[in-house]
Each structure stands twice: as C-alpha cells, then as structure tokens.
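*Asks:* Quick one: this structure, given as structure tokens, is what I'll be asking you about.
2 protein chains.
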Amino acid sequence: MRIIDENVLEDLALGAAVLGTGGGGDPYIGKLMAREAIRQYGPVELYTLDELDDDDLIVPTAMMGAPTVMVEKMPNGGDIVNAFESIGKYLGKPIKATMSIEAGGLNSVVPIYLAARLRVPMVDCDGMGRAFPEIQMVTHTIHGISATPFAMSDERGNTVLMETINNNWTETFARSVTVNMGAMAMIAMYPATAKELKEAAIPNTITLAEDIGKVIRRARQEEDNPVETIREAVGGYLVFKGKIGDVERRTEAGFAKGDAFMNGIDEYAGQQLQLSFQNEHLVAKIDGEYKVTVPDLIAVLDVDTGEPITTEGLRYGFRVAVIAMPCTEKWRTEKGLELVGPRYFGYDTDYTPVEETYG
Amino acid sequence: MRIIDENVLEDLALGAAVLGTGGGGDPYIGKLMAREAIRQYGPVELYTLDELDDDDLIVPTAMMGAPTVMVEKMPNGGDIVNAFESIGKYLGKPIKATMSIEAGGLNSVVPIYLAARLRVPMVDCDGMGRAFPEIQMVTHTIHGISATPFAMSDERGNTVLMETINNNWTETFARSVTVNMGAMAMIAMYPATAKELKEAAIPNTITLAEDIGKVIRRARQEEDNPVETIREAVGGYLVFKGKIGDVERRTEAGFAKGDAFMNGIDEYAGQQLQLSFQNEHLVAKIDGEYKVTVPDLIAVLDVDTGEPITTEGLRYGFRVAVIAMPCTEKWRTEKGLELVGPRYFGYDTDYTPVEETYG
Numbered sequence: 001m002r003i004i005d006e007n008v009l010e011d012l013a014l015g016a017a018v019l020g021t022g023g024g025g026d027p028y029i030g031k032l033m034a035r036e037a038i039r040q041y042g043p044v045e046l047y048t049l050d051e052l053d054d055d056d057l058i059v060p061t062a063m064m065g066a067p068t069v070m071v072e073k074m075p076n077g078g079d080i081v082n083a084f085e086s087i088g089k090y091l092g093k094p095i096k097a098t099m100s101i102e103a104g105g106l107n108s109v110v111p112i113y114l115a116a117r118l119r120v121p122m123v124d125c126d127g128m129g130r131a132f133p134e135i136q137m138v139t140h141t142i143h144g145i146s147a148t149p150f151a152m153s154d155e156r157g158n159t160v161l162m163e164t165i166n167n168n169w170t171e172t173f174a175r176s177v178t179v180n181m182g183a184m185a186m187i188a189m190y191p192a193t194a195k196e197l198k199e200a201a202i203p204n205t206i207t208l209a210e211d212i213g214k215v216i217r218r219a220r221q222e223e224d225n226p227v228e229t230i231r232e233a234v235g236g237y238l239v240f241k242g243k244i245g246d247v248e249r250r251t252e253a254g255f256a257k258g259d260a261f262m263n264g265i266d267e268y269a270g271q272q273l274q275l276s277f278q279n280e281h282l283v284a285k286i287d288g289e290y291k292v293t294v295p296d297l298i299a300v301l302d303v304d305t306g307e308p309i310t311t312e313g314l315r316y317g318f319r320v321a322v323i324a325m326p327c328t329e330k331w332r333t334e335k336g337l338e339l340v341g342p343r344y345f346g347y348d349t350d351y352t353p354v355e356e357t358y359g
Numbered sequence: 001m002r003i004i005d006e007n008v009l010e011d012l013a014l015g016a017a018v019l020g021t022g023g024g025g026d027p028y029i030g031k032l033m034a035r036e037a038i039r040q041y042g043p044v045e046l047y048t049l050d051e052l053d054d055d056d057l058i059v060p061t062a063m064m065g066a067p068t069v070m071v072e073k074m075p076n077g078g079d080i081v082n083a084f085e086s087i088g089k090y091l092g093k094p095i096k097a098t099m100s101i102e103a104g105g106l107n108s109v110v111p112i113y114l115a116a117r118l119r120v121p122m123v124d125c126d127g128m129g130r131a132f133p134e135i136q137m138v139t140h141t142i143h144g145i146s147a148t149p150f151a152m153s154d155e156r157g158n159t160v161l162m163e164t165i166n167n168n169w170t171e172t173f174a175r176s177v178t179v180n181m182g183a184m185a186m187i188a189m190y191p192a193t194a195k196e197l198k199e200a201a202i203p204n205t206i207t208l209a210e211d212i213g214k215v216i217r218r219a220r221q222e223e224d225n226p227v228e229t230i231r232e233a234v235g236g237y238l239v240f241k242g243k244i245g246d247v248e249r250r251t252e253a254g255f256a257k258g259d260a261f262m263n264g265i266d267e268y269a270g271q272q273l274q275l276s277f278q279n280e281h282l283v284a285k286i287d288g289e290y291k292v293t294v295p296d297l298i299a300v301l302d303v304d305t306g307e308p309i310t311t312e313g314l315r316y317g318f319r320v321a322v323i324a325m326p327c328t329e330k331w332r333t334e335k336g337l338e339l340v341g342p343r344y345f346g347y348d349t350d351y352t353p354v355e356e357t358y359g
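Residue numbers (this note's numbering), protein chains in the order written: chain W, 1 to 359; chain G, 1 to 359.
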C-alpha cells in the first residue's frame with residue numbers, strides 16, 4: 001500500500017494521458033476533481049492486487065461519453081458517488097475498493113476522486129492498459145467477467161442500472177443513455193473479486209502512469225528532448241513528426257470521431273500521416289499505408305514539450321510527434337483482437353504488432 | 001374480488017381496444033398471451049382498490065414500444081416476469097399485486113398474463129382510463145407518484161432499471177432503451193400503495209372494458225347497429241363516417257406516428273377527416289378544423305362490425321366510424337392538460353371538451 005496525495009496527481013494525470021492514446025478524458029479536469037477531493041477528504045490508499053484478500057469486491061469507476069463534452073462540463077462528483085453506491089446497494093454486498101477501468105487523463109483519476117470522497121481504497125490496475133471507446137473493450141471481457149450490474153448517473157440525480165446478457169448489450173444501452181444524459185455520464189461497472197482481477201486485470205497501471213509523468217516532468221526541467229525521453233520510457237517507437245493540417249470531426253452516436261492529417265517535418269518532410277480516431281487514436285496511415293493500428297497505442301505529443309494531445313486537442317498548425325507503443329499481450333490474443341482489433345473498428349487490415357513494423 | 005378466467009378475455013380485450021384509442025397494443029396478441037397463461041397456471045383474482053390494505057404495494061406491468069413492432073413479435077413472457085421481479089428485488093419489499101397502467105388491447109391484458117403466471121392478484125384500475133404514448137402520461141404523475149424504480153426487460157434477458165428525478169426523464173431514458181431493445185420492451189413501474197392509488201388511479205377500468213366488450217358482442221349477435229351500441233355504451237359521440245384514403249406513417253424515436261385521411265360517406269359525404277396519431281389517436285380535424293383533441297378519446301370502428309381499429313390497422317379503403325368519448329375529469333385539470341393536452345403534442349389549439357363540441 002502507498003498513499004496517493006495531491007503531489008503525485010500532476011505526474012499521474014500527465015502519464016495517464018500518454019497511455020490514454022488521445023482519449024480517456026481531459027487530464028486537466030481529472031486533476032482538479034481529484035485534488036479538490038484529496039484536500040477536502042484526505043489522501044487515498046493505493047493497494048496492489050496482491051495486497052487484497054481473494055474475495056474482496058472491487059468496482060471500477062469512470063466517466064463515459066464524448067471527450068468534446070467533458071472539456072465543457074466539469075463533473076460535479078455527486079453523480080459518480082450515486083453510480084458507485086448503486087452497485088453496492090444492488091448487490092447487497094460491501095464494496096472493498098475502486099479502480100480505473102482505463103488509463104487516461106481523466107479516467108485514471110476519477111477513481112481517486114471517489115476513493116478520497118468515500119474513504120475507500122483504490123487498486124493499482126486497470127482493464128485496458130490504455131483507453132478504448134467502448135464498454136466491452138476491457139480485459140475483463142476476455143476473462144468472462146460481466147460488465148453488469150452496471151450503473152450510470154448524471155449530474156441531475158438520475159441513475160440507470162442494468163443487467164445484460166453480455167457486455168456488448170451494456171455498451172448499446174449505456175451509449176444511448178449517455179446521449180440522453182447530455183453526452184456524459186459517470187459509471188460504475190464490472191464488479192469483480194480480487195481473485196478474478198489477478199487473472200483478468202492489467203496490474204500497476206497507476207504506478208506506470210505516474211512514472212511516465214515523472215519522466216516527462218524531469219525531461220522538461222532538464223531541457224532534455226522530452227519526446228525522445230517519453231519514447232524511451234514507454235518502450236515505444238517514433239513514427240512521425242509533422243504539422244497538423246486538416247482535422248475532420250463528427251459526433252456520432254455519442255462518440256467523437258474523426259481524422260487528423262499531418263504533413264511531415266524534419267526527416268519526415270514530404271510524407272503525410274492520417275490519424276483516425278473514435279474518442280481514442282485508432283490507426284495511423286503514412287502515405288496511404290497502415291503503419292500502426294489498434295490495439296497498439298498511438299500517442300500524439302507536442303514536439304517541443306512532450307505534452308500529450310487528446311483527440312479533442314488536435315488543432316491546425318500544431319507541431320507534433322507521433323509515438324507508437326506495444327499494447328499488453330492480452331490484446332494480442334484471438335479473443336483480444338476480436339474485441340479491439342482494427343477490423344472491429346471497420347479498418348480493412350489485419351493487426352501487425354508495432355515492433356514488427358518498427359522494431 | 002372476482003375471477004378473471006379465459007372466458008372473459010375476449011370481451012375484455014375487445015372493450016379495452018375501444019378505450020385504447022388506436023393504441024395500447026394489439027388485442028389479438030394480448031388475448032393469446034393471457035389465455036395461454038390462464039390455461040397453464042390458472043385464473044386470476046381481480047380486486048377492487050377498496051378490497052386491499054392501505055399499505056399493499058402494487059406494481060403495474062405493460063408493454064412499451066411502437067405497435068408496429070408488437071404485431072410482428074409475440075412477447076415471450078419471460079421479459080415481463082424479469083421486469084416485475086426486478087422491482088421487488090430492488091425495493092426489497094413484497095409486491096402484493098399488479099395492475100394495468102393503461103387501457104388498451106394489449107396493455108389491459110399483459111398484467112393478467114403476469115398475474116396468472118406468478119399467481120399474484122390484479123387490481124381493477126389503471127393510470128390513464130385510455131392509452132397514451134409516453135411514460136409520464138398517467139394520473140400517478142398528477143398525484144406526485146414517481147415512475148421509478150422503473151424496470152424494462154427484453155426477450156433476450158436484458159434488464160434496465162432506473163431511478164430518475166422526474167417521470168419525464170424516465171420516458172427519455174426508457175424510450176432510447178426501447179429502441180435498442182428492438183422497439184419493444186416489457187416494463188414494470190410506478191410502484192405505489194393501495195392508499196396512494198385510491199387517490200391517484202382510475203378505478204374499475206378492467207370491468208369497464210369487459211362491459212364494453214360484452215355490449216359489442218351482443219350487438220353483433222343481435223345484428224344490431226354495433227357502432228351506435230358502442231357509442232351509447234361509452235357515452236360518446238359519433239363524429240364521422242368515412243372511407244380511409246391515404247395513411248402516412250413514420251417511426252420516429254420509437255413511436256409510430258402518422259396521419260390518416262378519411263373521405264366522408266352517408267351524411268358526411270363531401271367532408272374530409274384528418275386523424276393524427278402517435279401510437280394512439282390524438283386529434284381529429286374535419287375540413288381543417290379541430291373537432292376532437294387529446295385527452296378525449298377517439299375510437300375508429302369498423303362501420304359494419306364495430307371492431308376497433310388500431311393505428312397500425314388503419315388501411316386504405318376501410319369504411320369506418322369515428323367516435324369521440326369524454327376523458328376522465330383528472331385529465332381536464334390544469335396539471336392534466338399540461339401532461340396530455342393538445343399543445344403538449346405540438347397542436348396549435350386549446351383543449352375543448354368533446355361535450356361542448358357535440359353535446
């Protein structure tokens with residue numbers, strides 16, 4: 001067990017935004033929420049899965065919706081408490097702890113907010129090792145853990161609770177209700193025991209995010225090359241450097257979808273990269289050829305500061321570096337690629353591990 | 001208390017279809033479901049509200065969705081059991097009985113199906129005295145009774161349960177989820193005590209429906225004028241006789257909306273009636289002038305047999321009579337007209353009681 005206080009929030013949210021691959025929420029809002037809660041209620045205890053009893057019940061908490069909206073609306077916190085407590089009431093069992101369901105600027109810290117406010121511990125793991133746009137896209141699904149009972153609450157005080165026959169149905173219903181709730185909802189879902197999570201979850205994501213954040217901060221202080229430092233820290237590959245040209249966006253069924261086109265600079269001059277996203281960055285094509293695809297991670301970083309840029313933050317004229325990182329092995333299995341491979345998202349290509357292309 | 005057995009189903013569903021004003025579900029499907037359940041599990045006990053203890057808990061059950069779909073998909077029954085039992089589990093209290101939430105060919109008999117199958121009593125009342133298209137449109141809302149906890153289940157085994165801050169939010173979320181469930185869901189909602197329902201509900205609707213059904217059956221046997229007999233039995237007014245011309249339909253956000261145009265026959269020759277509907281018949285205009293508006297009831301009857309025609313059944317060439325009936329006084333209050341008056345549905349007219357126009 002170690003303590004999460006407000007001093008680590010900055011690093012943690014920054015590093016989580018790198019793992020968020022453009023999604024997982026805006027780190028600024030997440031940081032503000034968690035800092036306020038820690039100041040008001042006290043710091044949070046972060047446990048590893050090994051430190052918990054096998055039958056301890058853990059319920060992840062997160063924000064669901066289009067990041068476009070998150071930037072405009074600061075979550076008020078009552079909603080996430082409602083969602084979390086609904087699960088406990090519904091199951092009629094005490095919940096031991098919360099955790100992140102995905103790595104991302106907002107969704108790595110939402111559980112910190114909840115843990116501080118309700119004085120429950122948090123577990124150092126998540127269900128993606130990155131961020132993904134849909135509810136069923138977690139390693140829990142590969143291991144047969146149900147997303148339900150699934151609770152979603154809005155800032156007005158409405159709560160919707162569901163029991164579905166599979167995790168795709170949870171996604172279907174929850175997506176509609178999120179749209180009705182104003183394109184944003186706070187959710188609690190995937191109740192599971194510590195024993196189940198030792199198999200199903202991705203361990204140590206919070207610590208990893210914090211470590212990445214620290215590296216970025218130090219590289220900036222030492223005026224080192226932050227992009228290169230991050231690349232090294234995450235074991236990734238430099239894919240492109242360019243200037244953002246057109247960004248095409250559409251909000252579709254509650255998702256922020258679109259494409260950003262980048263024109264190469266330095267050694268990439270003359271090349272064009274097309275980055276396609278659905279809440280998160282999904283695939284990168286250079287000169288029409290697939291170079292990196294989901295489930296591998298694509299981070300877009302400010303070329304000078306290494307600051308990760310969310311899909312919402314992609315803007316004409318920004319000079320960026322694109323880094324690709326290998327995803328967890330769980331996603332590279334047959335079941336994993338069925339859930340989150342490029343074909344699921346409608347791209348006409350098989351998945352090629354990024355190490356094969358760039359290693 | 002009296003017994004509902006399969007012999008009364010025919011009359012009950014027929015009469016309820018008159019009160020359903022074109023909606024409330026197809027009487028044929030409702031009858032089949034309830035008959036099967038009574039044959040398999042036994043007849044149903046029907047109580048008046050006065051026969052119950054004040055704190056007995058009653059949970060209405062119904063089908064929600066576009067009637068267009070109901071006709072194609074026979075409900076399998078497991079869904080309505082799931083919805084009903086979810087409410088009991090969620091509240092952690094025994095439910096004493098079920099009731100109809102609306103009068104209608106299907107929704108007056110769905111609770112009979114449930115009552116037979118689960119061996120719970122049914123109460124002789126409803127929340128509309130007719131059928132309406134939206135969840136909040138019940139006399140319960142006028143009396144401050146919450147629609148939630150509200151449960152909805154589909155034939156696959158999915159259940160969605162909600163707690164909302166008002167009954168309009170229940171409608172919003174439930175409508176989206178109904179669309180996701182295939183445009184049809186079975187629902188259990190508006191849990192209330194017998195004491196509350198003595199104030200809020202409309203008593204004796206099941207008996208009224210049965211009585212109307214009996215009258216129609218006898219008029220047919222005696223080769224009487226069934227339309228005139230029905231008109232008299234319901235205390236209504238003959239508004240039009242005509243032949244259906246164009247019927248324009250659209251399914252919009254889970255509703256079956258549209259307009260039917262009728263060309264007058266007999267003493268109505270030369271006149272045209274436009275009937276607008278949203279699951280139920282809402283307003284009738286003759287030669288461009290509003291003659292009958294919601295919340296008064298509009299029934300379209302086969303001119304020869306008196307058979308009530310649902311909005312789904314409106315077809316080119318049918319010769320029909322249009323009858324208007326006064327709604328319950330509860331709908332004629334300020335709160336009632338806010339919920340279900342013509343302006344709520346987007347018609348640019350105030351409500352005029354049908355007796356003032358035709359009395």
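C-beta atoms are modelled at their ideal positions from N, C-alpha and C, and glycine is treated no differently.
Predicted model only: the values in this text are computed from it and were never measured.
To which residues of the same chain is phenylalanine 150 (chain W) closer than 6 Å at the C-beta, ignoring the five residues directly before and after it?
*Replies:* Around phenylalanine 150 (chain W): Met162, Thr170 and Met189.
*Asks:* Tell me which residues of the stretch 163-175 of chain G have at least one Cβ-Cβ distance to chain W shorter than 8 Å, keeping chain order.
*Replies:* Glu163, Thr164, Ile165, Trp169, Thr172 and Phe173
*Asks:* Which residues, in chain order, does the stretch 148-163 of chain G contribute to contact with chain W at a C-beta distance below 8 Å?
*Replies:* Residues of the stretch 148-163 of chain G with a Cβ closer than 8 Å to any Cβ of chain W, in chain order: Arg156, Gly157, Asn158, Thr159, Val160, Leu161, Met162 and Glu163.
*Asks:* How many angstroms separate the CA atom of alanine 37 (chain G) from the CA atom of glutamate 280 (chain W)?
*Replies:* 50 Å
*Asks:* Is there a C-beta anywhere in chain G that falls below 8 Å from the one on valine 177 (chain W)?
*Replies:* yes
*Asks:* Return the chain-ordered list of same chain residues with a C-beta closer than 8 Å to the C-beta of methionine 137 (chain W), the five sequence neighbours on each side being excluded.
*Replies:* Met128, Leu339 and Val340
*Asks:* Name the chain W residues whose beta carbon is nearer than 7 Å to that of asparagine 76 (chain G)?
*Replies:* Residues of chain W passing the Cβ test: none, with the nearest at roughly 14 Å.
*Asks:* With three or more C-beta pairs closer than 8 Å as the rule, is the stretch 243-257 of chain G touching the stretch 214-231 of chain G?
*Replies:* No, they do not touch.
*Asks:* Give the interface partners of asparagine 180 (chain W) over in chain G, defined as CB-CB distance under 7 Å, in chain order.
*Replies:* Thr172, Phe173 and Ser176
*Asks:* Rounded to whole angstroms, what is the Cα-Cα separation between asparagine 82 (chain G) and threonine 193 (chain G)?
*Replies:* Each residue's alpha carbon lies about 21 Å from the other.
*Asks:* In the structure shown, what three-state DSSP assignment does serine 146 (chain W) receive?
*Replies:* coil
*Asks:* Relative to the C-alpha of valine 320 (chain G), which candidate in G:Glu355, G:Gly30 and G:Glu307 has its C-alpha closest?
*Replies:* Per the Cα distances, G:Glu307.
*Asks:* Which residue wins for smallest C-alpha separation from alanine 103 (chain G), given the options G:Glu334, G:Glu355, G:Ala13 and G:Ile323?
*Replies:* When only C-alpha atoms are compared, the closest one is G:Ala13.
*Asks:* What separation, rounded to the nearest whole angstrom, lies between the Cα atoms of valine 247 (chain G) and threonine 357 (chain G)?
*Replies:* 26 Å
*Asks:* For threonine 349 (chain G), collect the residues of the same chain with a Cβ closer than 7 Å to its Cβ; drop the 5 residues on either side in sequence, then sort them by chain order.
*Replies:* For threonine 349 (chain G), where only same-chain residues beyond five positions count, the Cβ hits under 7 Å are Tyr290, Thr293 and Pro342.
*Asks:* Does the stretch 205-217 of chain W come close enough to the stretch 150-159 of chain W to have 3 or more Cβ pairs within less than 8 Å?
*Replies:* no
*Asks:* Would you kindly report the start and end of the unbroken alpha helix (DSSP H) that includes phenylalanine 173 (chain G)?
*Replies:* 167-180 is the span of the alpha helix (DSSP H), which, as asked, contains phenylalanine 173 (chain G).
*Asks:* On the DSSP letters alone, give me the boundaries of the beta strand (DSSP E) that valine 247 (chain W) sits inside.
*Replies:* 237-252
*Asks:* Using CA coordinates, which residue listed in W:Asp53, W:Val110, W:Asn263 and W:Phe240 is at the minimum distance from leucine 301 (chain W)?
*Replies:* W:Phe240
*Asks:* How many Å lie between valine 215 (chain W) and leucine 314 (chain W) at the Cα?
*Replies:* When rounded, the distance between both Cα atoms is 23 Å.
*Asks:* Alpha carbon to alpha carbon, what distance is there between glycine 346 (chain W) and asparagine 166 (chain G)?
*Replies:* Computed Cα separation, rounded: 39 Å.
*Asks:* Taking its Cβ as the centre, do 16 or more other Cβ atoms sit within 10 Å of isoleucine 3 (chain G), making it buried, or is it exposed?
*Replies:* That one is exposed.
*Asks:* Quick one: give me the first and last residue of the alpha helix (DSSP H) that aspartate 79 (chain W) is part of.
*Replies:* 78-91
*Asks:* Can you tell me the Cα-Cα spacing of proline 353 (chain W) and glycine 359 (chain W), whole angstroms?
*Replies:* CA-to-CA, the gap between proline 353 (chain W) and glycine 359 (chain W) works out to about 9 Å.
*Asks:* Say the cut is 7 Å; is the CB of alanine 299 (chain G) nearer than that to a heavy atom of the ligand FAD?
*Replies:* Only the bare structure without any ligand can be found here, which leaves the ligand FAD out of the picture.
*Asks:* Does DSSP put tyrosine 28 (chain W) in a helix, a strand or coil?
*Replies:* helix
*Asks:* With glycine 264 (chain W) and phenylalanine 277 (chain W) assumed to form a contact (beta carbons below 8 Å), what rounded beta-carbon distance in angstroms separates them?
*Replies:* Rounded, the Cβ-Cβ distance is 19 Å, inconsistent with contact.
*Asks:* Could you tell me the boundaries of the beta strand (DSSP E) in which tyrosine 358 (chain G) lies?
*Replies:* First-last for tyrosine 358 (chain G): 354-358, but that is the alpha helix (DSSP H), not the beta strand (DSSP E).
*Asks:* Starting from tyrosine 290 (chain G), trace the beta strand (DSSP E) both ways and give me its first and last residue.
*Replies:* 289-293
*Asks:* Is it buried or exposed for lysine 93 (chain G), if we count other Cβ within 10 angstroms and need 16 for buried?
*Replies:* A residue is called buried when at least 16 other Cβ atoms come within 10 angstroms of its Cβ; lysine 93 (chain G) does not meet this threshold and is exposed.
*Asks:* Residues bridged to glycine 15 (chain G) by DSSP?
*Replies:* Paired residue(s): none; glycine 15 (chain G) is not in a bridge.
*Asks:* Along the chain, where does the alpha helix (DSSP H) containing arginine 231 (chain G) start, and where does it finish?
*Replies:* 226-233
*Asks:* Below 8 Å between beta carbons: does that hold for threonine 148 (chain W) and threonine 164 (chain W)?
*Replies:* yes
*Asks:* So, using beta-carbon positions, are arginine 130 (chain G) and glycine 25 (chain G) closer together than 8 Å?
*Replies:* no
*Asks:* Within 10 Å of its beta-carbon, does methionine 325 (chain G) have 16 or more other beta-carbons around it, so buried, or fewer, so exposed?
*Replies:* buried
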